[in-house]
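> Using this note's numbering, read the sequence shown as starting at 185 and increasing by one per residue.
A virtual CB, placed ideally from N, CA and C, is assigned to each residue, including glycine.
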Amino acid sequence: MGRHARRLRNPLAGAVLRVRRSRAREGRRRGGPARRAGGRGEPVHDAGRGGARVSPLPRSVLIVRLGAIGDVVNALVVAAGLKRASAAIRVGWAVHPLAEPLVRDNPVVDRVHVWDKAGGARAFRACLAEIRAERYELAIDAQRIFKSALLARRSRAPRVLGYDRARCKEQSWLLTRERIPARPAGPARHMIEQYLDLLEHLGLAREPGAPALPVRAADAAWAEQLVARIGAAPVLLNLGASKPANRWRPERFAELALAVSRRAPVCLSGAAGDRALAHAALEGLRGAERVHDLVGATTLGQYLELARRSRLFVGCDTGPMHVAAAAGCRCVALFGPADPARTGPWPAAEHTVLRVPPPCAPCGLRHCNQPRHACMDDLDVARVLVEVERRM
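1) Have a look at S244, E362, R574, R431 and flag the residue whose alpha-carbon is nearest the alpha-carbon of D562.
2) On a Cα-Cα basis, can you pick out the residue from V261, H506, A407, R343 that is closest to Q486?
3) My output table needs one value for H385: the three-state DSSP class, helix, strand or coil.
4) So the candidates are P541, L260, S270; which of them puts its Cα closest to the Cα of D564?
5) Please give me, in chain order, every unbroken run of the alpha helix (DSSP H) with length at least 4 that falls completely inside the segment 285 to 332.
6) According to DSSP, is S339 part of a helix, a strand, or is it coil?
7) Quick check on N422: does DSSP put it in helix, strand or coil?
8) Just reading off the beta strand (DSSP E) that R274 is part of, what are its end residues?
9) Taking the alpha-carbon positions, what's the A417 to R495 distance?
10) Per DSSP, what are the beta-bridge partners of V570 in this structure?
11) For L440 and chain D, any beta-carbon pair shorter than 8 Å?
12) How would you write the range of the beta strand (DSSP E) that H476 sits in, first residue to last?
13) Tell me whether Q327 is buried or exposed, calling it buried when 16 or more other Cβ atoms sit within 10 Å of its Cβ.
14) Report yes if the C-beta distance between E362 and F330 is below 8 Å; otherwise report no.
15) Is the segment 464 to 474 touching the segment 380 to 390, taking contact as three or more C-beta pairs under 8 Å?
16) Taking 8 Å as the threshold (C-beta atoms), are G370 and G424 in contact?
17) For the alpha helix (DSSP H) containing L397, list its first residue and its last residue.
18) Per the DSSP calculation, A517 is bridged to which residue(s)?
19) Assign S445 to one of two classes, buried (16 or more other C-beta atoms within 10 Å of its C-beta) or exposed (fewer than that).
20) Just mark G346 as buried or exposed, buried being the case when its beta carbon has 16 or more other beta carbons within 10 Å.
21) Kindly confirm or deny that the segment 278 to 288 and the segment 244 to 254 touch, where touching means at least three C-beta pairs closer than 8 Å.
22) What does the Cβ neighbour count give for N553, buried or exposed, with the cut at 16 atoms within 10 Å?
23) Per the DSSP calculation, V344 is bridged to which residue(s)?
24) Going along the chain, which residues of its own chain have a beta-carbon closer than 7 Å to the beta-carbon of V570, five neighbours each way excluded?
25) Going by Cα to Cα distance, which pick from E284, R567, P392 is closest to P518?
26) Given that a residue counts as buried once 16 or more other Cβ atoms are within 10 Å of its Cβ, and exposed if not, what is T483?
27) For H557, which residues from the same chain have a beta carbon less than 6 Å from its beta carbon, with the 5 sequence-adjacent residues on both sides left out?
28) DSSP puts L488 in a beta bridge; with which residues?
29) Taking the CB atoms as reference points, tell me whether E321 and P342 lie closer together than 8 Å.
30) In the DSSP assignment, find the alpha helix (DSSP H) that holds C352 and state where it starts and stops.
31) Please name the residue, chosen from P428, N422, G415, that lies closest to P449 on a Cα-to-Cα basis.
32) Going by other Cβ atoms of all chains shown within 10 Å of its Cβ, with 16 needed for buried, is E439 buried or exposed?
33) What residues in its chain sit with their C-beta under 6 Å from that of V275, if we drop five residues either side in the sequence?
34) Considering only their Cβ atoms, is the gap separating L397 from L478 smaller than 8 Å?
35) Count the other C-beta atoms from every protein chain shown that fall within 10 angstroms of the C-beta of R574, then say buried if there are 16 or more, exposed otherwise.
36) Using beta-carbon positions only, say whether H506 and P531 come within less than 8 Å of one another.
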């Protein structure tokens, strides 16, 4: 097979090839040699450590952070920072449908562009047409993978900002025109701190306030009615996690729920895909009148409003944990394969992280590859209950 045939069979190689040809044409139009983005001769708007801005603030910015739920929550600090700098900046956000409720009606997001992957190429083109019609001056790839970088690049924004090569996946750094400077190796940094690097690059203050979240009257009314019906602010126990390795056993959640329900109402939460976990937990909760099963029964907006009215969240490293933390609900987070320094509830001082890390942690794996799932199995109910009661 020839090299051109291989390029056609590899969409990543084909897209990168098109970008390189585009840069070559751009260089010829300017009367000089083709230039690599960020190379000599092409201006890089690098604010550096001093915070002095090289270019004026853009009047319109597209943020591309398509998912997942927790990542979208944390990335909202970028939109909030732009709006703090100037309320006149028009902020757009490209997102997948699952996380759309977090940016729709959000006070720091003016325009939402939904890309539904289930719609295939037609949905991508429709989303891209919407984005191009807005004529954004700056597009930010906050996700650092190929599809997000491609959407930012094809937005036709004159400036396309992304991360340094070391922090990017799938060669996405090739598609950005500007890249924030690489940082020296060191301890893990929280994702919110890494999102604030984007603001620093633009010469803006690194103010890591709580991410802005939308308020919808219908969702708020639903949550108010639920709390009134159960009689008090509940403790949220979230059963699921998108990565199986991050999950705590459902029978342990059942034991914890039974103990906590003696002091406060308990709401079991989770996505529709967590119903099997809920069924396993409910087997040990027969007759527990103060435990309410909401797994798969709430929208993301309803869950957000319930978290605002809950006294505590208990669960694993998952999107609902980040939603609860951003909503102002204190969290007791159960960590195993993930590194809480990078993805723990924010800000760390207001929450508790419980973990019993074996030598293999943090591994970040989706599925445990060890003989036993020690990082989560060694976290026993008694230890979690002590911290929950202290926080209550």
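In short:
1) Nearest of S244, E362, R574, R431 to D562, Cα basis: R431.
2) Here the closest residue by C-alpha is A407.
3) Helix.
4) Of the candidates P541, L260, S270, the one whose C-alpha sits nearest the C-alpha of D564 is P541.
5) Listed in chain order, the alpha helix (DSSP H) elements of length 4 or more contained wholly in the segment 285 to 332 are 304 to 318.
6) Taken through DSSP and simplified to helix, strand or coil, S339 comes out as coil.
7) Residue state, collapsed to three classes: strand.
8) 274 to 279 is the span of the beta strand (DSSP E), which, as asked, contains R274.
9) Computed Cα separation, rounded: 6 Å.
10) Beta-bridge pairing links V570 to no other residue.
11) Considering every chain present, this structure includes no chain D. It has just one protein chain.
12) Segment 475 to 477, the beta strand (DSSP E) holding H476.
13) By the C-beta density criterion, Q327 is buried, having at least 16 other C-beta atoms within 10 angstroms.
14) For E362 and F330, no; Cβs fall outside 8 Å.
15) No: fewer than three Cβ pairs fall under 8 Å.
16) Cβ atoms of G424 and G370: not closer than 8 Å.
17) In the DSSP assignment, L397 falls outside any alpha helix (DSSP H) and carries neither an H nor an E.
18) Per DSSP, G499, V537.
19) Answer is buried; the Cβ neighbour count reaches 16.
20) With a 10 Å radius around the Cβ and a threshold of 16 neighbouring Cβ atoms, G346 comes out buried.
21) Because the criterion of three Cβ pairs below 8 Å is met, the segment 278 to 288 and the segment 244 to 254 touch.
22) N553 should be labelled exposed.
23) DSSP lists A323 as partners of V344.
24) Same-chain partners within the cutoff: there are none.
25) Checking the displayed sequence, the identity of residue 518 turns out to be Leu instead of Pro. It is R567 whose Cα lies nearest to the Cα of L518.
26) With fewer than 16 Cβ atoms within 10 Å of its Cβ, T483 is classed as exposed.
27) Around H557: no qualifying Cβ.
28) Paired residue(s): none; L488 is not in a bridge.
29) The answer is yes: Cβ separation under 8 Å.
30) Segment: none, C352 is in no alpha helix (DSSP H) and carries neither H nor E.
31) Looking at the Cα atoms, G415 is the closest of the given residues.
32) By the neighbour-count criterion, in which 16 or more other beta carbons inside 10 Å mark a residue as buried, E439 falls on the buried side.
33) If we look at V275 and ignore the five residues flanking it on each side, its Cβ neighbours are V245, A263, L266, V293, D294.
34) Contact: no.
35) R574 should be labelled exposed.
36) Taking 8 Å as the Cβ cut-off, H506 and P531 do not qualify as a contacting pair.
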